[in-house]
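Worksheet: the structure to be examined is printed underneath.
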Amino acid sequence: MANNTVLPLTITKLTIKIIMLKNSRILLTLCFIFILKISYAGEGMWLPQLLKALNEGDMQSMGMKMSAEDVYSVNQGSLKDAIVHFNGGCTSEIISSEGLLLTNHHCGYGQIQSHSSVENNLLKNGFWAKSKKQELPNDNLEVTFIVRIEDVSKIVLEGITDQMSTKERQSQIDKNIASYKQRMRPIKHEEIEIKPFFKGNQYFMFVTMTYTDVRLVGTPPESIGKFGSDTDNWVFPRHTGDFSLFRIYAGTDNMPADYSITNVPFKPKHFLPISLDGVEEGDFTLVFGYPGRTNQYLPSSAVAQTMNVLNPAKIEIRDKALKIVDAAMRSDEAIRLQYASKFARIANYWKKWIGENQGLKKSDAMGRKHKYEKEFITRLKADRTMHGKYGSLLDDFEKLYKEIEPYALTRDYYNEIVRRNIEIMTVASYMNRLENLYANNGATGYNGFKARLEPFLDNFYKNYRPEIDQKVFASLMEMYVDADILDGAKGDLAAMAKKHGGFDKYAQSLFESSFVPNKNQMFKLLSAAPKMAIESMQKDPLVQLAKQLSDAYDANVSTEYNNLNTKINDLMRIYMEGQMEVFTEKKFFPDANSTMRVSYGKVAGYSPRDAVTYNPVSYLDGAIEKYVPGDYEFDIPKKLLNLYETKDYGQYADSNGKVPICFLGTNHTTGGNSGSPVIDAHGNLIGLNFDRVWEGTMSDINYDASICRNIMVDARYILFIVDKFAGATHLVKEMKLVHPKKDAKVIKMDAPKKKEKRRKKRRG
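In terms of my numbering, the sequence shown is residues 2 to 765.
See below:
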């Protein structure tokens, strides 16, 4: 099945002539090029403004009926004007002329949770505004549009030479960027961001506009929006209605404005019509969004370290934390509500790392990297100048990654244990920051940070249970002491735990004697004069532990890790330059960095292992098969069961009379593509991206067309839930529903008749 996803290769007359030369070295190179293109077909997260030059032909050969100008244009409304960066972490898209915004349920989860309580549980029951007046405003939620993208490499890299040190190079780049931003003078509401691409070999400017009045319009209950929850996460077949609806509001001039009851729905330059025709295997799919981060061009030494050292450590740490939190959530509904979002966040990457390692091994990522690097060296040897510039790179990488490994491993242990998975340690570290600000900037610095910290703390304690965190603390801190990492980074943890009779008793003592786990004590302390508050912080055992561990990390890990990492990054810039110079026949795309990208592919199933094949579409029937009454992952609302039993599907069933829920594609996606629209060949919405298959999560490092699949909610299921399940038909009426396939068939059938009429007219 994977072979169907490979882009066709065109053998030109020039290629044939070269083959006829019978030069063994050239023939070897050509064979490698052929393998390279087959292996990487369908791969890529492409900059939309460059589609005309790089991708339009490929996209149209795969079935796209649009032009590159239809996808990205500065002079007229195009697809890019409907694609919105959702709160800096996800993607969303406009689906009506009144600023109706579609994104994933998990992207809007924090906002849905903020409006929920035990008495009015929107997470459990769902929410549908019956009118615009009922739409719910959200604090600290913003969405960003791209106005235009420009290549500013020449300006940013002006004055840069190969003789510069890393520090000198970056200093000159920073000066060039600052100078250019001053000259640009963007219009009101526009902002400028300049980001590096290809490891700093190229720079692009993004002119953006951000709206901050974004209101919750509708969300299914999490029994639909999170159906399958953690068990099904990263796994196909999925049966999850992972979507939510928001609306952008603007001032009367359609420009960004702070929340006000006088604001009006935003009028977009473009919105996405929604296709009711659905998908079939082989259909063209375009995913438009803001992918977070990938590392496609790493050397084999880096991939080996990720697979064999760093990922296993992080997986083990989160596994311990998740088991403790999961047990608590299953014992109490109130705890489940409080910890649902946090648990999902922790579990998401835990499971991703597991699948990534499995996929890297299955796809022989190391073998592919070694072949690629061997060809790189072979080509370099044919050119003395290039060999002198790039010939030692891979050996240098090998040495540096070996040198950085103990620091990188210790860094991951520290970040996962001290900074992420023990919640209270994060709060304790903020107390140390207050202390430092007071020491350096007096009451002014202290009060400034305190004003920003208090809203965070108020929200933090609302969803915090110290008795759970205490157990996590005891388990993970013992793990930290036992880990094979740099001893100096551990501080005096072992001695302190031994003094108290073990980590369980040590954790109990800390949590009982510290003010940090207690909201009332925390805010009482913060209401005191800065000097008095600082004195209390300096005596607090948890605050002091956070400081000791931070100091130990800084002294033993941070500086050396950063120095080595800077050297690696500098080598990566040169290696990236070398790859692009050596493999001139290859079209390179820049690694994802949370900027707007396009990936294109096809609807396709896959076969992850022997005798196992997944069809590309899942149906409501499959959700019913998974149904477990009362289970927090696989329960199904009674109304949805009734709709299934009566087959009351409206216009949202496929030609077989079944309701599709999810489908698979070969699009190259990653974190940040959550909520990305899936667009058909004509520019209509056919689905909503929300996940990848477990076997293909390694696509961040090594894309393989045979097993890398993204998972999307079918647009028809979204409409079915909004209309038939929720009864929010007024929202469907606001959208533009189309039938591009049926219309195309009508045109195709009518064409011969019209042609015959023209012939008769000419004869007459």
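No residue lacks a Cβ here, since even glycine has one placed at the ideal position from N, Cα and C.
Alpha-carbon spacing of residue i relative to residue j, whole angstroms
i      : j      : result
ALA429 : SER537 : 12 angstroms
ILE405 : ALA490 : 15 angstroms
GLY89  : GLY728 : 31 angstroms
LYS133 : LYS603 : 37 angstroms
GLY502 : ALA508 : 10 angstroms
ALA682 : ASN56  : 14 angstroms
LEU720 : LYS587 : 41 angstroms
CYS663 : ALA444 : 55 angstroms
ILE95  : PRO678 : 9 angstroms
GLY111 : PHE691 : 16 angstroms
ARG346 : ASP327 : 13 angstroms
ILE193 : VAL144 : 15 angstroms
ILE178 : GLU582 : 26 angstroms
ARG380 : LYS499 : 59 angstroms
LEU477 : GLU634 : 27 angstroms
GLN173 : ASP59  : 38 angstroms
ALA329 : PRO518 : 18 angstroms
ALA495 : LEU401 : 31 angstroms
HIS371 : LEU394 : 14 angstroms
LEU323 : ALA348 : 7 angstroms
GLN164 : ARG170 : 9 angstroms
LEU48  : PRO531 : 50 angstroms
GLU282 : THR211 : 37 angstroms
Cβ-Cβ separation, residue j to residue i (assumed contact under 8 angstroms), whole Å
i      : j      : result
LEU287 : MET65  : 7 angstroms
ASP243 : VAL544 : The Cβ separation is near 40 angstroms, so there is no contact.
ASN674 : THR209 : With a Cβ gap of about 18 angstroms, ASN674 and THR209 do not count as contacting.
SER619 : HIS107 : Actually they are not in contact, since the Cβ atoms of SER619 and HIS107 sit about 18 angstroms apart, beyond 8 angstroms.
VAL280 : ILE687 : 6 angstroms
MET539 : ASP493 : It is worth fixing the name first, because residue 539 is Gln in this sequence and not Met. Rounded, the Cβ-Cβ distance is 17 angstroms, inconsistent with contact.
Reduced DSSP secondary structure (H/G/I, E/B, other) of residue i
i      : result
LEU158 : coil
THR445 : helix
ASP152 : strand
ILE355 : helix
MET713 : strand
PRO266 : strand
THR730 : helix
HIS86  : strand
ILE708 : coil
LYS390 : helix
GLU634 : coil
TRP235 : coil
GLN297 : coil
ASP788 : In the structure displayed, the chain extends from 2 to 765; residue 788 sits before or after that span and is not available.
MET206 : strand
THR427 : helix
THR307 : helix
LYS81  : helix
Test item: CB-CB of residue i and residue j under 7 angstroms
i      : j      : result
ILE708 : TYR607 : yes
ASP71  : SER62  : no
TYR181 : ILE161 : no
LYS743 : GLY651 : no
ASN255 : LYS270 : no
LYS196 : ILE147 : no
ILE113 : GLN50  : no
ASN234 : LYS363 : no
ARG598 : PRO292 : yes
VAL473 : ILE423 : yes
GLY100 : ARG248 : yes
THR698 : GLU357 : yes
GLU626 : ILE535 : no
GLU696 : PRO609 : yes
PHE512 : GLU479 : no
GLU44  : HIS669 : yes
PRO638 : PRO257 : no
ASN296 : ILE702 : yes
VAL236 : TYR204 : no
Interface flag, residue i vs chain B, CB-CB below 7 angstroms
i      : result
GLU536 : In the structure shown, chain B does not exist; there is a single protein chain.
Residue i: CB within 6 angstroms of a non-hydrogen atom of the ligand GDP
i      : result
SER656 : With respect to the ligand GDP, the structure offers nothing, as it holds no ligand at all.
### Query
Between the stretch 369-386 and the stretch 446-458, do at least 3 Cβ pairs fall closer than 8 angstroms?
With contact defined as three or more Cβ pairs closer than 8 angstroms, the stretch 369-386 and the stretch 446-458 are not in contact.
### Query
Touch check for the stretch 518-530 and the stretch 455-463: three-plus C-beta pairs under 8 angstroms?
Between the stretch 518-530 and the stretch 455-463 there are three or more inter-stretch CB-CB distances shorter than 8 angstroms, so the stretches are counted as touching.
### Query
Is the stretch 308-327 in contact with the stretch 395-414, if contact means three or more CB pairs nearer than 8 angstroms?
The stretch 308-327, when compared against the stretch 395-414, does touch it at the 8 angstroms Cβ threshold.
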